[in-house]
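Using this note's numbering, you'd call the opening residue of the first sequence number 1 and step up by one each time.
Here's the structure, in structure tokens; my notes come after.
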Amino acid sequence: MSKRILYWLQNDLRIDDNPIFSDLALQQCALDIVFVINPHWFRNNNYQQKPYGVHKQQFLMQSLFELQQVLIERGQTLHVLEGEPVTVLKQRIADQHIDGVVCAEHVGIYEQRQLARLKAHCPHVIFKTTQQDTLFKQSDLPFDLNELPKNFTPFRKKVEAVNIPITLSALPKTLLPKPITLCAAKPIESHNNLEHLMHGGLNSAQTHLEHYFSGLLPSTYKTTRNELDGFNNTTKFSAWLAFGCISARQVYNAVEQYEQNHIANESTYWIKFELLWREYFKWHALNVGSSLFSFKGQKHTKPLTTFIPNRFAAWCNGATPYPLVNAIMNELNATGYISNRARQIAASCLVNELSLDWRYGAAYFEQQLIDYDVAANWGNWQYIAGVGVDPRGGRHFNIEKQTLQFDPHAVYTNKWQGNKNTSTQLDNVNEVDWPI
DNA sequence: CAGGCTTTGTA
DNA sequence: ACAAAGCCT
Numbered sequence: 001m002s003k004r005i006l007y008w009l010q011n012d013l014r015i016d017d018n019p020i021f022s023d024l025a026l027q028q029c030a031l032d033i034v035f036v037i038n039p040h041w042f043r044n045n046n047y048q049q050k051p052y053g054v055h056k057q058q059f060l061m062q063s064l065f066e067l068q069q070v071l072i073e074r075g076q077t078l079h080v081l082e083g084e085p086v087t088v089l090k091q092r093i094a095d096q097h098i099d100g101v102v103c104a105e106h107v108g109i110y111e112q113r114q115l116a117r118l119k120a121h122c123p124h125v126i127f128k129t130t131q132q133d134t135l136f137k138q139s140d141l142p143f144d145l146n147e148l149p150k151n152f153t154p155f156r157k158k159v160e161a162v163n164i165p166i167t168l169s170a171l172p173k174t175l176l177p178k179p180i181t182l183c184a185a186k187p188i189e190s191h192n193n194l195e196h197l198m199h200g201g202l203n204s205a206q207t208h209l210e211h212y213f214s215g216l217l218p219s220t221y222k223t224t225r226n227e228l229d230g231f232n233n234t235t236k237f238s239a240w241l242a243f244g245c246i247s248a249r250q251v252y253n254a255v256e257q258y259e260q261n262h263i264a265n266e267s268t269y270w271i272k273f274e275l276l277w278r279e280y281f282k283w284h285a286l287n288v289g290s291s292l293f294s295f296k297g298q299k300h301t302k303p304l305t306t307f308i309p310n311r312f313a314a315w316c317n318g319a320t321p322y323p324l325v326n327a328i329m330n331e332l333n334a335t336g337y338i339s340n341r342a343r344q345i346a347a348s349c350l351v352n353e354l355s356l357d358w359r360y361g362a363a364y365f366e367q368q369l370i371d372y373d374v375a376a377n378w379g380n381w382q383y384i385a386g387v388g389v390d391p392r393g394g395r396h397f398n399i400e401k402q403t404l405q406f407d408p409h410a411v412y413t414n415k416w417q418g419n420k421n422t423s424t425q426l427d428n429v430n431e432v433d434w435p436i
């Protein structure tokens with residue numbers, strides 16, 4: 001391997017169970033650890049949304065801050081650069097005389113294209129990429145990726161049948177390779193302006209892992225996981241998983257440890273089951289490529305929905321005719337997090353009651369959710385809209401029934417003021433525009 | 001080809 | 001448990 005290596009960090013902001021770091025620790029090299037903040041994350045995209053809203057931005061900065069502290073303790077550092085990633089990295093590679101680049105493989109198509117462009121710009125640099133975002137290695141899957149089952153259940157049955165080993169990468173106690181640059185990295189400003197349930201970073205993730213598995217919560221997960229509210233009703237690993245502050249393998253391993261030390265029941269199995277959904281969406285995203293973002297998804301016909309700006313704005317701002325949906329959107333806007341149940345209700349409302357183009361909903365969740373994950377977000381929206389991996393034609397949740405079942409005494413709706421901006425009709429018709 | 005029986009997939 | 005799709009008669 002080369003002598004001067006650059007590690008381009010993306011959604012792998014951890015040192016434990018990080019095969020790239022484990023490998024680098026054994027190398028004789030000088031190492032430059034870099035994260036690039038892309039200004040496009042804070043500008044409007046095709047859907048007039050920003051890929052990074054304020055909550056997600058704060059979680060990212062917290063995650064970078066914690067990682068930088070840990071790397072400094074190990075005689076290394078993290079350089080956070082700003083700009084278009086290919087341009088910035090190309091310059092860095094030239095300035096620092098880099099001859100090898102290592103990074104994790106990403107299931108997102110933009111990220112894959114960025115890496116391909118960087119490779120094309122730097123023909124003399126050796127690139128080594130590692131798949132470390134999934135539970136399984138692609139070579140351990142009992143089928144070729146292009147033969148990935150079309151639905152979750154056959155996927156689950158196939159992978160469960162072969163019992164794929166899930167092993168963690170150990171990080172040697174030795175220091176990491178020496179930094180390339182003598183100048184210290186710019187310290188990261190710690191952002192803690194917004195109150196969040198989850199604090200970004202690898203240490204915070206480990207603290208939460210210990211919290212979640214130290215009590216009895218895992219053994220009741222299946223009975224509480226559908227609640228609209230309540231920190232301990234679900235595992236809450238999603239945001240740390242999304243930024244790679246913790247790996248899915250570490251969570252999976254912790255479940256199995258818990259099963260050995262305490263109890264293995266339907267609930268503990270269900271945590272692993274949900275990690276398999278995440279896994280399925282990862283491989284699905286990689287398999288279907290750009291159609292993950294297309295209006296008709298993997299189907300041949302487009303949904304019978306359109307884009308109506310006022311309706312979409314009402315949905316975003318919690319001003320629909322549905323108090324439960326309004327409460328959900330208010331919580332999302334205030335905190336950057338909503339429960340799985342809440343996501344399904346809000347998404348179904350956008351597609352079915354409001355007849356809106358599902359991609360706008362997906363882009364809004366991408367902006368607002370601190371745990372945004374390209375595969376899970378776009379895959380789930382396609383599923384709700386009936387253009388993805390669900391064998392049925394989408395999912396229509398009956399909002400009245402969902403309210404009766406999950407918020408019968410309006411505790412959640414009142415907490416998030418779902419009645420504050422409830423409109424009585426879908427569209428505000430201006431009488432002046434109405435021909436008499 | 002309506003109607004019932006079986007299979008499949010479910011967060 | 002249940003609903004939709006596929007299959008059979």
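Don't be surprised by glycine CBs; every beta carbon is placed ideally from N, CA and C.
In this text the structure is predicted, and so the values were computed from the model without any measurement.
* According to DSSP, residues forming a beta bridge with R4 -> Taking the first sequence and counting its residues from 1, one reaches residue 4 at position 4. Beta-bridge pairing links R4 to A30.
* **Three-state secondary structure assigned by DSSP to I370** => Here residue 370 is taken as the residue at index 370 of the first sequence, counted from 1. Coil, per DSSP.
* Asked: For K420, does the three-state DSSP call read helix, strand or coil?
  -> Taking the first sequence and counting its residues from 1, one reaches residue 420 at position 420. Note: K420 maps to coil in three-state DSSP.
* Test item: CB-CB of C316 and Y364 under 8 Å -> Within the first sequence, residue 316 is the residue found at index 316, counting from 1. Within the first sequence, residue 364 is the residue found at index 364, counting from 1. Yes, these two residues count as a Cβ contact at 8 Å.
* Asked: With respect to the beta strand (DSSP E) encompassing A104, which residues constitute its N-terminal and C-terminal limits?
  -> Numbered from 1 along the first sequence, position 104 holds the residue referred to as residue 104. Counting along the chain, the beta strand (DSSP E) containing A104 begins and ends at 100-104.
* Look at the Cβ atom of G230, then the Cβ atom of P323, and state whether they are nearer than 8 Å. => On the first sequence, residue 230 is found 230 positions in, with the first residue counted as 1. On the first sequence, residue 323 is found 323 positions in, with the first residue counted as 1. Result no, Cβ atoms of G230 and P323 do not sit closer than 8 Å.
* Contacting residues, own chain, Cβ-Cβ under 8 Å from W434 (five flanking each side not counted) -> Sequence index remark: in the first sequence, residue 434 carries index 434 (1-based). The predicted model places W434 with a pLDDT of 48, which falls under 50 and marks its position as unreliable; any figure quoted below should be read in that light. Closer than 8 Å at Cβ, skipping near neighbours: no residue.
* **Classification of K56 by the beta-carbon crowding that lies within 10 angstroms, buried from 16 upward** => What you label residue 56 is simply residue 56 of the first sequence in a count that begins at 1. By the neighbour-count definition (other C-beta atoms within 10 Å, threshold 16), K56 is a buried residue.
* Within 8 Å, strictly: CB atoms of R14 and I246 -> By one-based count along the first sequence, residue 14 stands at place 14. By one-based count along the first sequence, residue 246 stands at place 246. The answer is yes: Cβ separation under 8 Å.
* Specify whether the segment 221-238 and the segment 179-196 touch according to this definition: at least 3 beta carbon pairs, one from each stretch, less than 8 Å apart. => no
* Neighbour-count burial assignment, S290, 16 or more Cβ in a 10 Å radius -> Mapped onto the first sequence, residue 290 falls at position 290. Flag for S290 reads exposed.
* Whether R359 touches Y110 by CB criterion (8 Å) -> Locating residue 359 in the first sequence gives position 359, counting from the first residue. Locating residue 110 in the first sequence gives position 110, counting from the first residue. Contact flag unset, no.
* Asked: Buried or exposed: which applies to I164, given that a residue is buried once 16 or more other Cβ atoms fall within 10 Å of its Cβ?
  -> By one-based count along the first sequence, residue 164 stands at place 164. By the 10 Å Cβ count, I164 comes out exposed.
* Inter-stretch contact (C-beta, 8 Å, three-pair minimum) for the segment 115-123 and the segment 138-149 -> no
* Per-residue DSSP class, three states only, for F143 -> The residue labelled residue 143 in the question sits at position 143 within the first sequence. F143: coil per DSSP, three-state reduction.
* **Three-state class that DSSP yields for W434 in the structure shown** => Walking along the first sequence from the start, residue 434 turns up at place 434. Residue confidence is low: W434 scores 48 on pLDDT, short of 50, so the model does not pin down where it sits. No coordinate-derived value is stated.
* Asked: Quick one: what's got a C-beta closer than 7 Å to V489's C-beta in the same chain, skipping five residues either side?
  -> Residue 489 lies beyond the residue range present for the chain, which begins at 1 and ends at 436; the question has no answer from this structure.
* Output the boundary residues of the alpha helix (DSSP H) element that contains V255. => Residue 255 sits at position 255 when you count from the first residue of the first sequence. Taken as a continuous stretch (DSSP letters only), the alpha helix (DSSP H) holding V255 covers 248-261.
* **DSSP bridge partner residues for T130 (one or two, in chain order)** => Position 130 of the first sequence, counted from the first residue, corresponds to residue 130. The partner list for T130 (beta bridge, DSSP) reads A104.
* Asked: Which whole runs of the alpha helix (DSSP H) in the segment 50-105 are 4 residues long or more, in chain order?
  -> 54-73, 85-95
* To do: Answer with buried or exposed for F35, where buried requires no fewer than 16 other C-beta atoms within 10 angstroms of its C-beta.
  => Here residue 35 refers to the residue found at position 35 when the first sequence is read from its first residue. Burial call: buried.
* Is R278 closer than 8 Å to A376 when the C-beta atoms are compared? -> Here the question's residue 376 lines up with position 376 in the first sequence. Here the question's residue 278 lines up with position 278 in the first sequence. Cβ atoms of A376 and R278: closer than 8 Å.
* Asked: Assuming S348 contacts R392 under a Cβ cut-off of 8 Å, what Cβ separation, rounded to an integer in Å, is found between them?
  -> Position 348 of the first sequence, counted from the first residue, corresponds to residue 348. Position 392 of the first sequence, counted from the first residue, corresponds to residue 392. Not really, about 13 Å apart at Cβ, beyond 8 Å.
* Any idea what DSSP makes of T306, helix, strand or coil? -> For the purposes of this step, residue 306 is identified with residue 306 of the first sequence, where counting begins at 1. The answer is strand: DSSP assigns T306 an E or B state.
* Within 8 Å, strictly: CB atoms of W416 and N330 -> Indexing the first sequence from 1 puts residue 416 at position 416. Indexing the first sequence from 1 puts residue 330 at position 330. Taking a C-beta distance under 8 Å as the contact criterion, W416 and N330 qualify as a contact pair.
* Asked: With C-beta atoms as the reference, is P218 less than 8 Å away from T268?
  -> In the first sequence, residue 218 corresponds to position 218, counting from 1. In the first sequence, residue 268 corresponds to position 268, counting from 1. The Cβ atoms of P218 and T268 lie closer than 8 Å to each other.
* Residue of G53, L31, L135 minimising C-alpha distance to P39 -> Taking the first sequence and counting its residues from 1, the one referred to as residue 39 is at position 39. Ranking the options by Cα distance to P39, first place goes to G53.
* Asked: With 16 as the cutoff for other CB atoms within 10 Å, does L216 come out buried or exposed?
  -> Here residue 216 is taken as the residue at index 216 of the first sequence, counted from 1. Classification for L216: exposed.
* Does the beta-carbon distance from P177 to A30 come in below 8 Å? -> Sequence index remark: in the first sequence, residue 177 carries index 177 (1-based). Sequence index remark: in the first sequence, residue 30 carries index 30 (1-based). Taking 8 Å as the Cβ cut-off, P177 and A30 qualify as a contacting pair.
* To do: Provide the residue(s) that pair with K178 in DSSP beta bridges, ordered along the chain.
  => On the first sequence, residue 178 is found 178 positions in, with the first residue counted as 1. BP columns for K178 point to A30.
* Check each candidate in G388, Y337, Y280, I338 and name the one with the smallest Cα separation from L292. => Counting from one through the first sequence, the residue named residue 292 turns up at place 292. Nearest C-alpha to L292: G388.
* **As assigned by DSSP and simplified to three states, the class of F35** => Here residue 35 corresponds to residue number 35 of the first sequence, with the count starting at 1. Correct three-state label for F35: strand.
* **Contact belief for I399 with V351 at Cβ below 8 Å, rounded distance in angstroms** => Position 399 of the first sequence, counted from the start, is the residue given in the question as residue 399. Position 351 of the first sequence, counted from the start, is the residue given in the question as residue 351. About 12 Å separates the two Cβ atoms, so there is no contact after all.
* **Close-in-space but distant-in-sequence residues of the same chain around E66 (CB under 6 Å, 5 per side omitted)** => In the first sequence, residue 66 corresponds to position 66, counting from 1. Excluding positions up to five away in sequence, the list reads G201, L202, N203.
* Asked: Near N45, which residues of its chain fall below 8 Å by C-beta distance, leaving aside the five closest residues on each side in sequence?
  -> The sequence position of residue 45 within the first sequence is 45, counting from 1. Within the same chain, N45 has close Cβ partners P51, A363.
* What are the partner residues of L356, as DSSP defines its beta bridges? -> As a working note, residue 356 is residue 356 in the first sequence. Among the bridge pairs identified by DSSP, L356 is matched with T306.
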